[in-house]
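To start, the structure under review is shown below, and the notes come after it.
In the numbering used here, the protein residues as written are 4 to 718.
Written as structure tokens, this is what we have:
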């Protein structure tokens, strides 16, 4: 950890980031929020794609509790990796008993010293805390208050109290703030106020705090979408320049709007006067002025939150990493706005929120959560980077394992960053409904692993349990019992042949999910009836059984799907119909456009003059040695030389590639049409000589062996 204090300079951060340092890819997430009048059924919805390369993907339910007077609540240090925490006070998922006994590190994690070291400090406990579902962050509580998360860059960073650095002066990160909020809040406004007040009092730190690493600034701020059955909000927070407090602001999303955060602050103009659509810390405008962020109190102008406290300087090269996802969500739900995918650093021209052209269903939300810009000029299925079979994954930039690409070179390029991502730990879509009792209205739809290759199931907060397969497993060891791994093996296999295999996955997703959505209203009506009759136990049991059956079906179906995919797509072949009486395998040869782009048809081109010269030399040699074989020799040459005639390389048309831009990308990386070099000609000649010598040796060995066999034959 570093020990250099950053003071209050905004310009220093901007100059560091202008060096071209891209957003950290290890924990960048997307969150979408839908107002109750923008949804098809009156729900408020909040999403979270937990995009993390090394995170604990398990889900748990923290039970409600009453606490004795004078109790203290421990505040735990942020940890993303498995196990995120080990505790007997947070439900079964996080207990020592639920740690994989096969892992050699288990004894370290259950040691009391390790667990004590994770506690940064304590705050006064309240008399009663609510039950809630959680993963890396709190998700939704029994009062139907829900949270989605997206890490954002910020002007200043701080670290946790336990670490040895000048900036390590804060008690809370966003994960602990979200948990305290859902333990105590009955509304979205309450949750925001609780988080903001605690951060100002005790200090806020981001998910990285190494002052020697400029990427730390990209992890220094946070954005949450916060909803209850009536309202939807976007909340922003970061440390102040003292590293001992925090500043924050929140803006209400209109009830008939949708909004999205993608690793960049989106709240723009904030006025100091009280307004029902805004909340902010008392120190916000003072810090903006004293921090050197270009704001002067009393000027009559609003504070532009994103510009004042975000980390994107005007010349930052890859701000589309964030703004393109924002455009994609808003353009999907409100295409009538005609928003451009090309904007400036802070997304000017993109509104904070938008009214959708049509009511948004839960299925609509899942479609965008699984998106890779399909059908747009940024479609990740096309272009050379997608390979021959439309792979949508673009791995994180950094040094390559073979050493050929270093960190600096990896920063010079850019792949589009989609909403659905290969390193997603889990994805959530919450529903909060004012027309249902809390025991039924608070609903979490969740998938583990990459959402486009996974399937979602419903988990009700009121059910008092989480399906077991969603509470176990880690990245450290494959387990057939863990739902994450059931989905991961399917995704990793199917993505290799995505052009063909994705349809198999999509069919399975529909088979599993359509009955869940179709039967949702009837199930919830029946459960609500039980609640109204005072049978809470019966309602909880009904909802828990539904979730457990959905989970068992999902995991079992995906294990079967994986076995089917392995049998159907392997070794360059596709089995046409696994149910047919006879096996019929089809070649999965490469598409024409890809072959053209990689120079397949040019690889053996030979200059016309060289061909004629070779023919002349062959004719002369044949005439002097065996004139009778001249016609045979010419015939053989004609037959073997035909594949050498090249086909000119041309990039795929926009119709083939999906867009003009994709075609241009392909063109820029296509192998140019050239004649075979003199080095290649020498290589061909040496190769011919080698095979001639081998032929002579083999022929003589065969003749000798034949003579030996003749002599030794007893006949």
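Just so you know, even glycine gets a beta-carbon here, dropped at the ideal spot from N, CA and C.
- In this structure, the alpha-carbon of residue 264 lies about 18 Å from that of residue 282.
- Judged by DSSP in its simplified three-state form, residue 293 adopts helix.
- Under the three-state reduction of DSSP output, residue 269 falls in the coil class, being neither helix nor strand.
- Where residue 590 is concerned, the enclosing beta strand (DSSP E) starts and stops at 588 to 590.
- Across the structure, residue 430 and residue 569 are spaced so that their CA atoms are roughly 26 Å apart.
- When secondary structure is reduced to three states using DSSP, residue 41 falls in the coil class, being assigned neither helix nor strand.
- Annotation for residue 192: no beta strand (DSSP E) segment contains it, though the alpha helix (DSSP H) segment containing it runs 191 to 205.
- Beta-carbon to beta-carbon, residue 36 and residue 346 are separated by about 20 Å, too far to satisfy the 8 Å threshold.
- For the pair residue 337 and residue 128, the Cα-to-Cα distance works out to about 44 Å.
- With a cutoff of 8 Å on beta-carbon distance, residue 139 and residue 447 are scored as not near each other.
- Between the alpha carbons of residue 403 and residue 416 lies a gap of roughly 14 Å.
- By the C-beta density criterion, residue 425 is buried, having at least 16 other C-beta atoms within 10 angstroms.
- In the assembly as shown, residue 154 is a buried residue. Its beta-carbon has 16 or more other beta-carbons within 10 Å.
- For residue 564, no beta strand (DSSP E) segment is defined; the enclosing uninterrupted segment is the alpha helix (DSSP H) at 539 to 571.
- When DSSP reads this structure, residue 132 sits in a beta bridge with 68.
- Annotation for residue 225: the continuous beta strand (DSSP E) segment containing it runs 224 to 230.
- The Cβ-Cβ distance between residue 476 and residue 466 does not fall below 8 Å.
- Between the region 450 to 467 and the region 155 to 169 there are fewer than three inter-stretch CB-CB distances shorter than 8 Å, so the stretches are not counted as touching.
- Separation of residue 509 and residue 418 (C-alpha to C-alpha, rounded to the nearest whole angstrom) is 25 Å.
- Contact between the region 203 to 212 and the region 235 to 251 is present: three or more C-beta pairs spanning the two stretches fall below 8 Å.
- By the neighbour-count criterion, in which a residue is buried when 16 or more other Cβ atoms sit within 10 angstroms of its Cβ, residue 441 is buried.
- Taking C-beta atoms as the reference points, residue 394 and residue 498 count as a pair closer than 8 Å.
- Residue environment: residue 72 is assigned as exposed (fewer than 16 neighbouring CB atoms within 10 Å of its CB, all protein chains considered).
- With contacts defined as CB atoms closer than 8 Å, residue 191 and residue 236 qualify as a contacting pair.
- DSSP, read as helix, strand or coil, puts residue 147 in coil.
- Look at the beta carbons and you see the region 355 to 365 not touching the region 396 to 410: under three pairs across the two are nearer than 8 Å.
- Put simply, the backbone Cα of residue 234 is about 37 Å away from that of residue 560.
- For the beta strand (DSSP E) assignment, the uninterrupted runs of no fewer than 3 residues enclosed by the region 454 to 537 are, from N- to C-terminal side, 460 to 463.
- When only Cα atoms are considered, residue 268 and residue 314 end up about 9 Å apart.
- Taking the Cα of residue 220 as reference, the smallest distance to any Cα among 201, 286 and 170 is reached at 170.
- Two segments are said to touch when three or more pairs of C-beta atoms, one from each, lie closer than 8 Å; by this definition the region 269 to 279 touches the region 297 to 315.
- Straight across, the Cα-Cα distance linking residue 390 with residue 493 is about 19 Å.
- Going by DSSP, residue 110 is part of no beta strand (DSSP E) but of the alpha helix (DSSP H) stretching over 109 to 113.
- In terms of CA proximity to residue 62, 470 leads the group 470, 445 and 34.
- A residue is called buried when at least 16 other Cβ atoms come within 10 angstroms of its Cβ; residue 586 does not meet this threshold and is exposed.
- From the listed residues 590, 567 and 565, the smallest Cα separation to residue 576 is found for 590.
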